[in-house]
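**Q**
2 protein chains.
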Amino acid sequence: MTSQAVPPTTVDRLPVYLRCLLQAKGMRMPVINSVQIAEMAGTNAAQVRKDLSYLGEFGTRGIGYDVDSLITQLSRCLGVTEQRRVAIVGYGRLGSALQSYPGFEERGMRVVAVLDADPSKVGTAVNDTAVESIDELEAVVSREGVEIAVLTVPAEAAQAVANRLVAVGVGAIMNFAPVRLDLPADVAVRQADVAGELQVLSFHLELQGR
Amino acid sequence: MTSQAVPPTTVDRLPVYLRCLLQAKGMRMPVINSVQIAEMAGTNAAQVRKDLSYLGEFGTRGIGYDVDSLITQLSRCLGVTEQRRVAIVGYGRLGSALQSYPGFEERGMRVVAVLDADPSKVGTAVNDTAVESIDELEAVVSREGVEIAVLTVPAEAAQAVANRLVAVGVGAIMNFAPVRLDLPADVAVRQADVAGELQVLSFHLELQGR
């Protein structure tokens, strides 16, 4: 597998394929073809075949892909064969909604820490874990081996908190604060932008003259 | 402008450019070049020039783009010259977090209705609006002229609610429920998938051998 060469638009689709494959496994399908994956993923079969070829996975002509082995391949490529250790930083409404978002565990993400700046929230129990003070961020990240941070702090606090996360070794940040983070190039960042998503929907309405 | 021809990956970046342009306008920059836009958007200048060329906007060589006119062009292309009328369907933690998400109004999105199935939430005031019963969905959508729905209902309710939204004329749905919606091809759908975003981050960690 040469993950280096996988185009970003393909990487964006791999989690979708993995989800479809897990669904197929749940339906006890031993094999699946590109048409079936495409149908589940909402794309086309040629795209599926091309995307999966980057993983060195071509399936068997006339038969398709072995579901179990494709799950293994995708999980390896996405680095989720073991659970990734995730911290939610900022336990407001969004943070708490995400903390209980269904499907994290099945998809290789384990929330191991929840942090907030508000002393009245610190100590509150959240499922198995308790909210800890953001003052303890460095200690918590080290103790729990946090690999990915979900940032749901206010915009004005985001950059400073992100700097602290990176300084203590967190290599990936999903940022829900509506501000662009300025971070070293080797830190992976995904910027959530709900208003932007709605604008893309608006583009499609506009195309239809609506 | 031939929006039909704009590739999806370019469409995904247009909201980012528009946000950068609005920021430039706030900084009282009358003109901006592709290098500056790329810097703010976290991409490269060649990509910016190519993306904007789909809008028929080439800028002036050696000078750049007129900020005001590019804002107008992007806003037209994205269909946000007037505010789009948005309903939030499902007023749990995620729905309430989104309802107060900063930057909707500035970016052409106006939340005109909030709906929930829980009778104890109906009537609750939310900023200017009040939570209404999901039983009244059709009447509320018609009354408010809802164009885009943000779906934050439980997974098991999502398809049925989406069907009702489409039946009453809603043409675009942002789906936060962790389930793929099966809807007519002319309905624009964006699927939020936080676990998938985290898997893309995990891919980058894996690439670095982390």
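Keeping their order, the protein sequence lines are chains C and H.
Letter by letter, the first sequence follows residues 0 to 209 of numbering that gives the first Met the number 0.
Letter by letter, the second sequence follows residues 0 to 209 of numbering that gives the first Met the number 0.
The C-beta atom is built at its ideal place from N, Cα and C for all residues, glycine as well.
(1) What's the gap between the Cα of residue 47(C) and the Cα of residue 116(C)?
(2) Report, in whole angstroms, the separation of the C-beta atoms of residue 110(C) and residue 98(C), which I expect to be a contact under 8 Å.
(3) Going by Cα to Cα distance, which pick from 27(H), 144(H), 73(H) and 42(H) is closest to residue 33(H)?
(4) Can you give me the C-alpha to C-alpha distance between residue 204(C) and residue 194(H), rounded to a whole angstrom?
(5) Can you list, in chain order, the residues of its chain whose CB lies under 8 Å from that of residue 219(C), leaving out five sequence neighbours each side?
(6) Could one say the Cβ of residue 189(C) lies closer than 8 Å to chain H's Cβ atoms, at least one of them?
(7) Can you give me the C-alpha to C-alpha distance between residue 40(C) and residue 16(C), rounded to a whole angstrom?
(8) How about the stretch 137 to 149 of chain C and the stretch 169 to 176 of chain C: do they share at least three Cβ pairs that are nearer than 8 Å?
(9) Figure out for me which residue from 107(H), 163(H) and 106(H) has the closest Cα to the Cα of residue 134(H).
(10) Using a Cβ-Cβ distance under 8 Å, would residue 117(C) count as near chain H?
(11) How many Å lie between residue 138(C) and residue 174(C) at the Cα?
(12) Are the C-beta atoms of residue 113(C) and some chain H residue less than 8 Å apart?
(13) Rounding to the nearest angstrom, what Cα-Cα distance links residue 161(H) and residue 155(H) in this structure?
(14) Name the DSSP beta bridge partners of residue 125(C), please?
(15) Rounded to whole angstroms, how far is the Cβ of residue 85(H) from the Cβ of residue 197(C), which I believe are closer than 8 Å?
(16) Taking residue 121(H) and residue 130(H) to be in contact with their CB atoms under 8 Å, please state how far apart those CB atoms are, rounded to whole angstroms.
(17) Kindly give me the distance between the Cβ atoms of residue 176(H) and residue 153(H), rounded to whole angstroms, as I take these residues to be in contact under 8 Å.
(18) What three-state label does DSSP hand residue 167(H) in the structure shown?
(19) Short check: CB of residue 200(C) to CB of residue 189(H), under 8 Å?
(20) For residue 151(C) and residue 77(C), which I take to be in contact (beta-carbon distance under 8 Å), what is that distance rounded to the nearest angstrom?
(21) Apart from the five residues on each side of it in sequence, which residues of its chain come closer than 8 Å, Cβ to Cβ, to residue 157(H)?
(22) Using only alpha-carbon positions, find the residue among 118(C), 22(C), 30(C) and 143(C) that is nearest to residue 61(C).
(23) Spell out the partners DSSP gives residue 148(H) in its beta bridges.
(24) Determine the chain C residues that contact residue 27(H) at a beta-carbon separation under 8 Å, and present them in chain order.
(25) Mapping DSSP to helix, strand and coil, what is residue 25(C)?
(26) Does the Cβ of residue 119(C) have 16 or more other Cβ atoms within 10 Å, making it buried, or fewer, making it exposed?
(27) On the CB-based measure, 16 or more other CB atoms within 10 Å of its CB, does residue 89(H) come out buried or exposed?
(28) Which chain C residues are close to residue 88(H), counting only those with a beta carbon under 7 Å from its beta carbon?
(29) List the whole-angstrom C-beta distance separating residue 82(C) from residue 107(C), where the pair is believed to meet the contact cut-off of C-beta under 8 Å.
(30) Any idea what DSSP makes of residue 100(C), helix, strand or coil?
(31) Does chain C have any CB closer than 8 Å to the CB of residue 72(H)?
(32) Determine the closest residue to residue 66(H) out of 24(H), 56(H) and 57(H), with distance taken between C-alpha atoms.
(33) Nearest by alpha-carbon distance to residue 4(C): which of 49(C), 68(C) and 124(C) is it?
(34) Here's the rule I'm using: 16 or more other beta-carbon atoms within 10 Å means buried, otherwise exposed. How should residue 191(C) be labelled?
(35) Suppose you measure from the CA of residue 74(C) to the CA of residue 96(C); what does that come to, to the nearest Å?
(36) So, at 6 Å on beta carbons, what are the nonlocal neighbours of residue 53(H) in its own chain, with the 5 sequence-adjacent residues on each side left out?
**A** By the coordinates alone:
(1) So the two alpha carbons sit approximately 44 Å from each other.
(2) 6 Å
(3) 42(H)
(4) 28 Å
(5) Outside the shown range of chain C (0 to 209) lies residue 219(C), about which nothing can therefore be said.
(6) yes
(7) When only Cα atoms are considered, residue 40(C) and residue 16(C) end up about 6 Å apart.
(8) Contact check between the stretch 137 to 149 of chain C and the stretch 169 to 176 of chain C: three or more CB pairs, one atom from each, fall below 8 Å, which counts as touching.
(9) Closest by alpha carbon: 163(H).
(10) no
(11) 21 Å
(12) The beta carbon of residue 113(C) sits no closer than 8 Å to any beta carbon of chain H.
(13) Computed Cα separation, rounded: 11 Å.
(14) Per DSSP, 128(C).
(15) 7 Å
(16) At roughly 5 Å, the Cβ-Cβ gap stays under 8 Å, so residue 121(H) and residue 130(H) are in contact.
(17) 7 Å
(18) Of the three classes helix, strand and coil, the one that applies to residue 167(H) here is coil, per DSSP.
(19) In contact: residue 200(C) and residue 189(H) (Cβ atoms closer than 8 Å).
(20) At roughly 23 Å, the Cβ-Cβ gap does not stay under 8 Å, so residue 151(C) and residue 77(C) are not in contact.
(21) 150, 174, 176, 178 and 180
(22) Residue nearest to residue 61(C) within the set 118(C), 22(C), 30(C) and 143(C) is 30(C) (criterion: CA-CA distance).
(23) Answer is 86(H) and 172(H), bridged to residue 148(H).
(24) Result: empty, since nearest Cβ-Cβ is about 19 Å, beyond 8 Å.
(25) helix
(26) exposed
(27) buried
(28) Result: empty, since nearest Cβ-Cβ is about 14 Å, beyond 7 Å.
(29) 6 Å
(30) coil
(31) no
(32) 24(H)
(33) 49(C)
(34) buried
(35) 26 Å
(36) 5 and 9
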